[in-house]
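Participant: What follows is a single structure, and I will ask about it in a moment.
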Amino acid sequence: MRTATAFLIAITVLLFSGTATGLRCGSRLIQPGDSTLRVARHCGEPDYIEHRAEAFVPGTGYVSDVEAWYYNRGPQQFLRILTFRNGELVREETGGYGFSSGVAGQCTPNSIRTGMSKLELYSRCGTPAHRRTRFRTGVSDDRRHSLSALEQVDEWVYSFGPTRFNRIVEIVNGEVRSVTVGEERGD
18 MRTATAFLIA
28 ITVLLFSGTA
38 TGLRCGSRLI
48 QPGDSTLRVA
58 RHCGEPDYIE
68 HRAEAFVPGT
78 GYVSDVEAWY
88 YNRGPQQFLR
98 ILTFRNGELV
108 REETGGYGFS
118 SGVAGQCTPN
128 SIRTGMSKLE
138 LYSRCGTPAH
148 RRTRFRTGVS
158 DDRRHSLSAL
168 EQVDEWVYSF
178 GPTRFNRIVE
188 IVNGEVRSVT
198 VGEERGD
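In our numbering, the protein residues as written are 18 to 204.
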């Protein structure tokens, strides 16, 4: 009995230690430091790729291009978000629950909600009628010419026809933060 209990504990520890250190794609373990090529080869192409700038250098501009790869494995699993800096995996995050691929085109003003991922918004509602991106600087160390952390803020406007007001969606770092009713009706 003790041997069986010890065996079960050992198996449990092994199972959870693998998921804590990386994403599994089939039998492969994806870990920080892996290239975009290796991840794409083992996990397949992502469902959505978001490009972000991560830092600003006065006199130079935006530097350190970052890609966020979104993997949607369906409504029974969480979204996986892999962040690459200069082609190398630096962070793996778990988003909210995934969604069925059948949601495409199921976009109504009330279906856009805070907390949903940029991937789900795009999958449901498609390309917005208008979009713009701005950056808010984060905490800086007050030294001249220092790097400032950036927060990417996307504003997407969706039109729902001439009888409904537009929806203005603010997306911060890949997540819907606010949805407001516009002052104009759609086309």
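Think of the CB as a built atom: it goes at the ideal place given N, C-alpha and C, for glycine as much as any other residue.
Using a 10 Å radius around the Cβ and a threshold of 16 neighbouring Cβ atoms, would you call V56 buried or exposed?
Facilitator: The residue is buried, with at least 16 neighbouring Cβ atoms inside 10 Å.
Participant: Could you tell me the distance, in whole angstroms, from the CA atom of D158 to the CA atom of V193?
Facilitator: With a pLDDT of 47 at D158, under the threshold of 50, the modelled position of this residue cannot be trusted; read the value that follows with caution. Taking the straight line joining both Cα atoms gives about 29 Å.
Participant: Let me check one thing: in DSSP terms, what residues is S195 bridge-paired to?
Facilitator: E187.
Participant: In the DSSP assignment, find the alpha helix (DSSP H) that holds E137 and state where it starts and stops.
Facilitator: Element bounds for E137: K135 to C142.
Participant: Secondary structure at C124, three-state DSSP: helix, strand or coil?
Facilitator: Coil, per DSSP.
Participant: Between T111 and the ligand NAD, is the CB less than 8 Å from at least one heavy atom?
Facilitator: In the structure shown, the ligand NAD is absent, as is every other ligand, since no ligand is present at all.
Participant: Pick helix, strand or coil for R153, following the three-state DSSP scheme.
Facilitator: It is a strand residue.
Participant: What three-state label does DSSP hand C60 in the structure shown?
Facilitator: Helix.
Participant: Check whether the Cβ atoms of V198 and P145 sit closer than 9 Å, and answer yes or no.
Facilitator: It is not a contact, given that the beta carbons lie outside the stated cut-off.
Participant: Output yes or no for whether 9 Å exceeds the beta carbon distance between M133 and G115.
Facilitator: The answer is no: Cβ separation not under 9 Å.
Participant: Does Q93 pass the burial test, meaning 16 or more other C-beta atoms within 10 Å, or should it be called exposed?
Facilitator: Under this definition Q93 is an exposed residue.
Participant: Just tell me which of D171, L40 and P75 has its CA closest to the CA of R69.
Facilitator: Of the listed residues, the one whose Cα sits closest to R69 is D171.
Participant: Could you check how far apart the C-beta atoms of L106 and L96 are, in whole angstroms? I think they sit under 8 Å.
Facilitator: Between L96 and L106 the Cβ distance is about 16 Å, and since that is not below 8 Å, they are no contact.
Participant: Go ahead and label R160 buried or exposed: buried means 16 or more other beta carbons lie within 10 angstroms of its beta carbon, across all protein chains shown.
Facilitator: Below a pLDDT of 50, predicted positions are generally treated as unreliable, and R160, at 48, falls in that range; the measurement from the model is reported next regardless. So R160 ends up on the exposed side.
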